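Working notes, structure below.
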């Protein structure tokens, strides 16, 4: 009898632990926001699953699928610097983006967010930070994380061929007028913020338009490099 009673208590405790674990996961900033999940096919027939934090409307999903059909994944990721803008975001979707962002960074020092890779620059954004802000040092990255925490406005959404959209955020009263494009990547059942681009209208460190185009088109840059080499060889022969 006592053995049966103890077994019953044990299973009740295990059940409570499972419930608590589900609550913990729900509060981690992933499960509490019901998003969208669907498949797109690129023009080379490669497929990609979109796993997004917001609930996308049918018209928005159709636009993303149409973009995918016109490009390869590599073209969107490598040659389209900003990605393709979504036609619109609803007020509810914009608020969800801010809520998810705040659930990830709220109450945590920027240094800790950077150290733990909760917020980190994307693979191309360090170069762009140096071009536009003038530095890609840890101090600058931490100051940008500060601005992400303060951001209270979502301007638009873009898609660049990745499993998630990116969003352009800013702070309404920011005198420096920083605009930060970021995405929310799923890592180990939690969301992490990936910094895509940072722009500052008042910055004078932006490269010329031609340099930007070359930086985003390796094929064109290689052609220019070969042309310079041929020109140098011809000059040396004279």
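In our numbering, the protein residues as written are 122 to 359. Glycine is no exception: its CB is placed at the ideal position from the N, C-alpha and C atoms. None of the values given here were measured: they were computed from a predicted structure.
Looking only at C-alpha atoms, which of 171, 285, 302, 284 sits nearest to residue 276? Here residue 276 refers to the residue found at position 155 when the chain shown is read from its first residue. The shortest C-alpha separation from residue 276 is found at 302.
Please give me, in chain order, every unbroken run of the alpha helix (DSSP H) with length at least 4 that falls completely inside the region 149-211. For the region 149-211, the full-length alpha helix (DSSP H) segments reaching 4 residues or more read 179-191 along the chain.
Supposed close pair residue 198, residue 282 - CB separation, criterion 8 Å: Start at 1 with the first residue of the chain shown, and residue 198 comes out as number 77. Start at 1 with the first residue of the chain shown, and residue 282 comes out as number 161. Residue 198 to residue 282, Cβ: 4 Å. Contact.
Cβ pair count under 8 Å reaching 3, the region 226-234 against the region 185-195: Here the region 226-234 does not lie against the region 185-195, with fewer than 3 beta-carbon pairs under 8 Å apart.
Cβ atoms of residue 269 and residue 319: under 7 Å apart, would you say? As a working mapping, residue 319 is identified with position 198 in the chain shown. As a working mapping, residue 269 is identified with position 148 in the chain shown. For residue 319 and residue 269, no; Cβs fall outside 7 Å.
Tell me which residues share the same chain as residue 142 and place their Cβ nearer than 6 Å to its Cβ, disregarding the 5 neighbours each side in the sequence. The residue given as residue 142 occupies position 21 in the chain shown. Bear in mind that the predicted position of residue 142 carries a pLDDT of just 40, short of 50, making it unreliable; the figure below should be weighed with that in mind. None.
Have a look at residue 316 and residue 240 and give me their C-alpha separation to the nearest angstrom. The residue labelled residue 316 in the question sits at position 195 within the chain shown. The residue labelled residue 240 in the question sits at position 119 within the chain shown. Annotation: residue 316 to residue 240 spans about 7 Å, alpha carbon to alpha carbon.
For residue 314 and residue 214, the rounded distance between their alpha carbons: In the chain shown, residue 214 corresponds to position 93, counting from 1. In the chain shown, residue 314 corresponds to position 193, counting from 1. Their Cα atoms are separated by approximately 17 Å.
What residues in its chain sit with their C-beta under 6 Å from that of residue 278, if we drop five residues either side in the sequence? If you number the chain shown from 1, residue 278 lands on position 157. Within the same chain, and ignoring the five residues on either side of residue 278 in sequence, the residues whose Cβ sits closer than 6 Å to its Cβ are 207, 210, 286, 288.
Buried versus exposed, by CB contacts within 10 Å (16 or more), residue 272: Here residue 272 corresponds to residue number 151 of the chain shown, with the count starting at 1. Around the beta carbon of residue 272, a 10 Å sphere encloses 16 or more other beta carbons of the protein chains shown; the residue is thus reported as buried.
Helix, strand or coil: how does DSSP classify residue 216 here? By 1-based counting over the chain shown, the position of residue 216 is 95. The answer is helix: DSSP assigns residue 216 an H, G or I state.
Is the Cβ-Cβ distance between residue 161 and residue 169 less than 7 Å? Indexing the chain shown from 1 puts residue 161 at position 40. Indexing the chain shown from 1 puts residue 169 at position 48. Closer than 7 Å, so yes.
Which residues share a DSSP beta bridge with residue 296? For the purposes of this step, residue 296 is taken as the residue at position 175 of the chain shown. Among the bridge pairs identified by DSSP, residue 296 is matched with none.
For the alpha helix (DSSP H) containing residue 234, list its first residue and its last residue. The residue labelled residue 234 in the question sits at position 113 within the chain shown. Its alpha helix (DSSP H) spans residues 231-236.
Bridge partners of residue 224, per DSSP? Locating residue 224 in the chain shown gives position 103, counting from the first residue. Residue 224 is not bridged to any residue.
Classify residue 205: buried if its beta carbon has 16 or more other beta carbons within 10 angstroms, exposed otherwise. Counting from one through the chain shown, the residue named residue 205 turns up at place 84. It is buried - the Cβ of residue 205 has at least 16 other Cβ atoms within 10 Å.
Name the DSSP beta bridge partners of residue 305, please? Taking the chain shown and counting its residues from 1, the one referred to as residue 305 is at position 184. Per DSSP, 314.
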